Structures are given as C-alpha cells and as structure tokens.
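The block underneath contains the structure these notes are about, expressed in structure tokens.
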Amino acid sequence: MRTGIIVLLLCSLLGCGGMKDWIHPDVDKAFTGQTFTAQQLQQDLDYLVATMSRRHPAFEQYVDSVGLSAQVERLSAQLKDGMTRKQAFAVFGQLTPYFNDGHSILFPLLAEFTYAEEAGVQTFPFGVTVRDGKIRLARSYQRSDKQKTLAAGSEIIAINGHATSEIIARLTPLSHGESPALRESMLSLLFHYWLFAVFDVKGDIQLAVKDNGQTTTLTLRNDQQWERAGAGQDDNELTFISPQVAYLRIESFDVDTEQAAYDAFIDASFKQIRQQDAQTLIIDIRGNTGGQSDAGAKIIQYLTDKPVPQGSVAIEKLNSDTNGWFGYRGEPGEVIELSVESDGMIEPVEPSLQFKGDVWVVIDRMSYSAAILFATTIQDNQLGKTMGEPTGGYANQTGNLTPFYLPNTRLLMLAPGRYIVRPSGDRAKQPVMPDVKLTDEALANPLTWFKAHPLPST
C-alpha cells in the first residue's frame, strides 16, 4: 500500500472521482496494444504544444519558446512508424519539463497501469521520497505475513537491477515542476507509475535497500502484500516541543474526502494549544504538495484577527471546458482577470479562540500548490514567518487543472487554466523565500532539531 499522497495530488488536480475516470473512453485494453504511424505521432506532438499554448494561463511567462521549439524539433526526429503508446510516451514526455510547471504533465500510461493492477499484477508497492539523488522509503512497510519490515527512511539502492542513479537520471527528464530540484522531487508522487511506464516494473520486483549501513536484497513477490506499518495512523499531528512551543504537522491539504475529520482535528488542535497556553506555534508543511486552499484557510482563521486574502488576482485563460454554458464566460483563448482579494476572504474565528503567539511555517522544495498559497498568505498578511528552504515552485501558482487527450495515441495531458498572484500582488517569477534558512540537518527533522536547539528569534 503506497502512501496516500501519491493519489492525493491527482485528486486535488482533477477533482478525482477515481483515477480510472481519466482514461479516455476509446482506450480499452486492445487500444493499448496499437501502433501508430510517424504522421499520427507528429500530429499528436503538434497538438500537444498548440493546446498547451492555448490553455496555459501564463504560457509566455513559464515557457522558453526558443527552447521548447528546439526540443520539439529534436523529438520530431525520433518519431517512426510502428511506435506503441509506451514508445510515444517516452518521446512526448520529454516535453513536460519544458512547460516548467508542476501542474503541467503528460501522465505516465494511466490506462496500461490501471489494467495491469486490475489483472492482479503487482506494481511498485511503496511510497518514496526522492531528493538530492537518493530515493528513500516515505513510510515503514510490513509484509502481510509479518515476517519482514522495511523502515521509513531506508535508502533504495536498486530496483530490478536498475541503480537509483539510473532511475533518477532517466525519469527526471520526463517530470514536471518549475525547477530541476522540484522535478526530481516530484518523482515521489507518481513513482510507481513512472517505474511501470519507463522500466516496466511489475509482477515480482527485485529490491536492494540499505538501512543502518547494511544493504539487503529481497524479492517483492507478486502474490505477497505489503502494508504500511501502523496503517491508520494520522498523517497530521499536533505535539509539543516544550510546554510553550506547539508543533503542528500538516502533511497534505488534500482533505476533500475527509473534510469533517480534518476540520475536527484542526479545531481540537487549537483547543489543546489554548489549554496548554503555548506561546509559539510551528506549522510544518514540508512535502505538502497541496490540495484544497480551504484546508489552509481552516488553520489561518485561527491566526488572524481580521479578514485576509489568499491571493490578489486570478488570471484565467478560457477553453472549451471552462468558458461555461454557451460560452457565457467568454470565448476559448480569452484571458480574464478575477479579483480574489475581495472575494473569498478568510474570516477569523472569534477573538477568544484566536492564537496570539508567534507563528513559524516550515517550508521546503516540495511545499507546493495550496501549500505555497498557505505560505504566501502567512507572509504577505504578516501572520507569521517562514523557515526552511525556498520552495521548488513559484510563489504565484497555477491551478484549476483540466485534462485533454492527444488525438491519436489518446495519451492524457494535464494543463492548468488559472494563475493566482500572491496576496502582496508581487508578480515576480520566483519561489517562496523563507525568512530564516534552515540547515539540511534541521530541515530533515525539525521536530527533533528544535527539541535540542533554540528557535530563531522573531
């Protein structure tokens, strides 16, 4: 069982009714075995570029048109008669980094992956974190017979004989994100899809993993099940570094299917913080790749004594999926600006419930999408300070994703339709910069670090 955040990103992007819903109706099992002519593939490649330029609300700001055109020319030379969808994806996917946006991605063979799992074929069963050339287990996992456990943080050395360095080197040029570091780390989210699409990792899987300096090689057999050790434990957690310092870990803002439980957790956390009379609150959103902005707003309402915005302006490029019934919102391709400063303000809770102490938000390169909105809302409304490392994504974020399909191969592409400017109105193309930079050691585990080291001064 992989960590839930793998699917959560796509649910937040697509408003999931189930991943299978995003397979094109034409793509049954038989279709996945078809081959295509070079002419059909060139049509798909041209369509991909043209449709992205029509749909992306900040295409000119995000994309180096010269670099993109040169890459299209290089990829066109690789197209040949008789290529499969898998081979086409390996070529077309190399365009994804050139869109320079974590919300723009050619999805890695969703149909083929889904049909394999439905047939009882095992795909890579673990959630991972990818960072700085290393792949580590994101959680502890236990085999269903209870005879083998793999510890969280264990380093993966090789999968089916492919070294970690090879895996990262081949997958990163297909990945999504605004920066090279983010594209590497974004591999974490869809890692099992990437392994399936590029390395054909399925069925019995050979794994080499290192823990406490010792390397173990094992076979993840197709007929065995692996489950997250301690399954059911909460990903969000409130603890206290000291009686005066509360530590709130928020792993994801994608809570759409568990909204009531999430709201209850936040309400109970701030009640406990009041009862403890804590004077400092650390909110840890490292690795939080987003979800619903309302989830961040639920926390912010406890941190402010006046209504605050989560953005200043939303720029939307209309397309046939978003221009409304009979085009009442405008024509496809039309760019509209929506004020979000006056609409959707976050209203504070009643004064007796508000947290009045110092607030710190911990960010890293993988704090993304709604997590970036949360961080900029804290910064720009002077509700607290940030610490950690710069985000891998820009402070002004795209969103409102819609899918489209390449006309011949029917491969799935995700594209944003909205561009949200941070509350300050600063439109600079730059990451969220922390007020205080943390060392790699501190950023790896802030909870442990701040139990032994003083907090930065405010």
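With my numbering, letter number 75 in the sequence shown gets 74, and the count goes up by one each step, no holes. Glycine included, C-beta positions come from ideal geometry on N, C-alpha and C. Being a predicted model, the structure only gives us computed values, none of them experimental.
Item, Value
"List the residues that DSSP assigns as beta-bridge partners of Phe252.", "Gly290"
"Mapping the DSSP letters down to three states, classify Ala374 as helix, strand or coil.", "helix"
"Should Gln224 and Ser139 be called a contact, given that it needs their Cβ atoms to be closer than 7 angstroms?", "no"
"To the nearest angstrom, report how far apart His102 and Asp210 are at their CA atoms.", "34 angstroms"
"Mind checking who His161 pairs with in its DSSP beta bridge?", "Ile158"
"Are Phe403 and Thr50 closer than 7 angstroms when you measure CB to CB?", "yes"
"Below 7 angstroms CB to CB, which residues in the same chain sit around Glu346 once its five sequence neighbours on both sides are set aside?", "Gln300, Pro306"
"Nearest to Asp25 by alpha carbon, out of Leu410, Gln429, Asp434, Leu446?", "Leu410"
"Put Gly398 into one of helix, strand or coil per three-state DSSP.", "strand"
"According to DSSP, is Arg417 helix, strand or coil?", "strand"
"CA-CA distance, Tyr114 and Leu405?", "20 angstroms"
"Compare the C-alpha of Gln381 against each of Met412, Asn235, Asp304, Arg364 and name the closest.", "Asp304"
"When the distance is taken between beta carbons, is Thr385 closer than 7 angstroms to Asp434?", "yes"
"Can you list, in chain order, the residues of its chain with a C-beta nearer than 6 angstroms to that of Ile272? Leave out the 5 residues immediately preceding and following it.", "Ala245"
"Provide the residue span of the beta strand (DSSP E) that contains Phe239, from first to last.", "236 to 241"
"In three-state DSSP terms, what is Gly81?", "coil"
"Sorted by chain position, which residues of the same chain lie with C-beta nearer than 6 angstroms to Ala137's C-beta, five sequence neighbours on each side aside?", "Thr2, Gly126, Val127, Thr128"
"Which whole-angstrom value is the C-beta distance of Leu108 and Trp21, which I expect to be below 8 angstroms?", "At roughly 12 angstroms, the Cβ-Cβ gap does not stay under 8 angstroms, so Leu108 and Trp21 are not in contact."
"Spell out the partners DSSP gives Trp481 in its beta bridges.", "Any property of residue 481 remains undetermined from this structure, which presents the chain solely from 0 to 457."
"Reducing DSSP to helix, strand and coil, say where Leu108 ends up.", "coil"
"Quick test of your reading: Gly286 and Glu236, contact by CB under 8 angstroms. State the CB separation rounded to the nearest angstrom.", "Between Glu236 and Gly286 the Cβ distance is about 14 angstroms, and since that is not below 8 angstroms, they are no contact."
"Report the option in Val65, Gly92, Ile104, Ala118 whose CA atom is closest to the CA atom of Lys28.", "Ala118"
"Is the Cβ-Cβ distance between Leu78 and Gln41 less than 7 angstroms?", "yes"
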